[in-house]
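Residue numbers (our numbering): 369 to 751.
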């Protein structure tokens, strides 16, 4: 299903000058629809014209545009808007905006320093770069100077741009939330099943949900039919979920869990959800029975339900990303080797190390003056 999103007016402080090169469109479409005054060259290395049609050249743009995930395109589009508003304010001509010189891009980053977080400015920088590459124009910005400027901008980032650390979910927290839910009701059944599955598969927040009610696409979002059950040579059962498309893999990835003991068992929660909501094999996995009919579980509905359950159980403010942190911590505390957890979470080596550094609570048991996790530590810690 295709989403028909509504265009909103620009903010007063972020309104670009009118230009036929930059039509008013959704942020996620700006990379493609906002075009430089120069166009992709159809010349070969010797300066001869390659006999391609306009359709051939346009096809390049369409294909490259699909190299970025929707959320990435949206972030890059936001940065592109800020960049052009900056250029408008400095009367930068179109011919100097793309290809952009090092001095222009560095000046843009310096002007934004102190107003945005370092992560946001990183995204803006790489958004301008992606815009150049997408339209086939050279990117000649000095990377060494850009890296130093971005590092300096991180030091100048406003305190308000720093998010509070997200506390991890725990098995005890799952139980506390469950105690305030009525699992015989459609929404609560779907939310608890989604929560336990996300926790024990160490999924990213939103991978088992749909962004909005109109966004469901069987080619992108997990359905009931994407579940399969496997048994290894020792008779151990595992439930596998195929995610058709993820942030890191456009071709999809598999995640999995095994039956757990007690009331947090994801198999029991999933079975209950399928019984209460009866979605078909082609429906979004955690669809639930609304008064108006079957409805996909959106990220906002999921988090709202958890927030209400957290308030009722006195658990305080919970953040969705805490589910992934908590699942990671749970497996590590059980003595599951780091490499195995890394594989389950679908991290590259570098990304997993950075993740551990960001969330000290995961490493806490290994840092005590008493060997809390012996005899597992020597197997679990990476070498």
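Where is the CB? At the ideal position from N, CA and C, for every residue including glycine.
Q. Which class does residue 418 belong to by DSSP, given the choice of helix, strand or coil?
A. Here residue 418 corresponds to residue number 50 of the chain shown, with the count starting at 1. Here residue 418 sits in coil by DSSP.
Q | residue 518 (DSSP reduced to helix, strand or coil) | A | As a working mapping, residue 518 is identified with position 150 in the chain shown. Of the three classes helix, strand and coil, the one that applies to residue 518 here is helix, per DSSP.
Q: Tell me whether the beta-carbon of residue 484 lies closer than 8 Å to the beta-carbon of residue 525.
A: Translated into the one-based positions of the chain shown, residue 484 becomes position 116. Translated into the one-based positions of the chain shown, residue 525 becomes position 157. Contact flag set, yes.
**Q.** Residue ranges of each beta strand (DSSP E) within the stretch 626 to 662, 3 or longer
**A.** 656 to 658
Q) Between residue 397 and the rest of its own chain, which residues show a CB-CB distance below 8 Å, the 5 nearest in sequence each way excluded? A) If you number the chain shown from 1, residue 397 lands on position 29. Correct list, in chain order: 441 and 445.
Q) Is the beta carbon of residue 486 sitting closer than 8 Å to the one on residue 448? A) As a working mapping, residue 486 is identified with position 118 in the chain shown. As a working mapping, residue 448 is identified with position 80 in the chain shown. Their beta carbons are not under 8 Å apart, which means residue 486 does not touch residue 448 by this criterion.
Q. Using the C-alpha atoms, what's the distance from residue 714 back to residue 705?
A. Within the chain shown, residue 705 is the residue found at index 337, counting from 1. Within the chain shown, residue 714 is the residue found at index 346, counting from 1. Each residue's alpha carbon lies about 14 Å from the other.
Q) What is the C-beta distance between residue 420 and residue 411, in whole angstroms, given that I count them as a contact (C-beta under 8 Å)? A) The residue given as residue 420 occupies position 52 in the chain shown. The residue given as residue 411 occupies position 43 in the chain shown. Incorrect: roughly 11 Å between the Cβ atoms, too far for contact.
Q | Sequence-distant residues of the same chain with beta carbon closer than 8 Å to residue 493, five excluded per side | A | Within the chain shown, residue 493 is the residue found at index 125, counting from 1. The answer, listed in chain order, is 447, 473, 477, 514 and 518.
Q) In whole angstroms, what is the alpha-carbon distance linking residue 392 and residue 509? A) In the chain shown, the residue the question calls residue 392 occupies position 24. In the chain shown, the residue the question calls residue 509 occupies position 141. Cα to Cα, the separation comes out at about 27 Å.
Q) Cβ atoms of residue 436 and residue 498: under 8 Å apart, would you say? A) Within the chain shown, residue 498 is the residue found at index 130, counting from 1. Within the chain shown, residue 436 is the residue found at index 68, counting from 1. Contact flag set, yes.
Q: Please report the Cβ distance between residue 632 and residue 542, rounded to the nearest whole angstrom; I am assuming they are in contact, meaning their Cβ atoms lie under 8 Å.
A: For this step, residue 632 is matched to residue 264 along the chain shown. For this step, residue 542 is matched to residue 174 along the chain shown. Sure, about 5 Å apart at Cβ, within 8 Å.
Q | Local conformation of residue 689 per DSSP, three classes | A | For this step, residue 689 is matched to residue 321 along the chain shown. Secondary structure at residue 689: coil, using DSSP grouped into helix, strand and coil.
(Q) Taking a contact to mean a Cβ-Cβ separation below 8 Å, would you say residue 521 touches residue 481 in this structure? (A) For the purposes of this step, residue 521 is identified with residue 153 of the chain shown, where counting begins at 1. For the purposes of this step, residue 481 is identified with residue 113 of the chain shown, where counting begins at 1. Yes, they are a contact pair.
Q) With DSSP run on the structure shown, which of helix, strand or coil describes residue 397? A) For the purposes of this step, residue 397 is taken as the residue at position 29 of the chain shown. Look at residue 397 here: in three-state DSSP terms it is helix.
(Q) By alpha-carbon positions, which one of 504, 469 and 488 ends up nearest to residue 511? (A) Numbered from its first residue, the chain shown carries residue 511 at position 143. Among 504, 469 and 488, the Cα nearest to that of residue 511 is on 469.
Q: Look up residue 459 in the DSSP assignment and say whether it is helix, strand or coil.
A: The residue labelled residue 459 in the question sits at position 91 within the chain shown. Residue 459: coil per DSSP, three-state reduction.
Q: Count the other CB atoms, across all protein chains shown, that sit within 10 Å of the CB of residue 452; report buried if there are 16 or more and exposed otherwise.
A: Stepping through the chain shown from its first residue, residue 452 is reached at position 84. Answer is buried; the Cβ neighbour count reaches 16.
Q | beta strand (DSSP E) segment containing residue 606, residue limits | A | Residue mapping note: residue 606 aligns to position 238 of the chain shown, counting from 1. Segment 605 to 611, the beta strand (DSSP E) holding residue 606.
Q: Have a look at the DSSP bridge pairing and note the partners of residue 525.
A: Taking the first residue of the chain shown as position 1, residue 525 is located at position 157. None; residue 525 has no bridge partner.
Q. Run through DSSP, which three-state label would residue 597 get?
A. Counting from 1 along the chain shown, the entry for residue 597 is found at position 229. Correct three-state label for residue 597: strand.
(Q) Is the beta carbon of residue 589 closer than 8 Å to that of residue 669? (A) For this step, residue 669 is matched to residue 301 along the chain shown. For this step, residue 589 is matched to residue 221 along the chain shown. With contacts defined by Cβ atoms closer than 8 Å, residue 669 and residue 589 do not form a contacting pair.
Q: Give the DSSP-derived three-state secondary structure of residue 378 in the structure shown.
A: Position 10 of the chain shown, counted from the first residue, corresponds to residue 378. Of the three classes helix, strand and coil, the one that applies to residue 378 here is coil, per DSSP.
Q) Hey, residue 504 and residue 408 are a contact pair by Cβ (cut 8 Å); roughly how many whole angstroms apart? A) Residue 504 sits at position 136 when you count from the first residue of the chain shown. Residue 408 sits at position 40 when you count from the first residue of the chain shown. The pair is a contact, with the Cβ atoms about 3 Å apart (cut-off 8 Å).
**Q.** Continuous alpha helix (DSSP H) stretch holding residue 560: start and end
**A.** Counting from one through the chain shown, the residue named residue 560 turns up at place 192. First-last of the alpha helix (DSSP H) with residue 560: 554 to 569.
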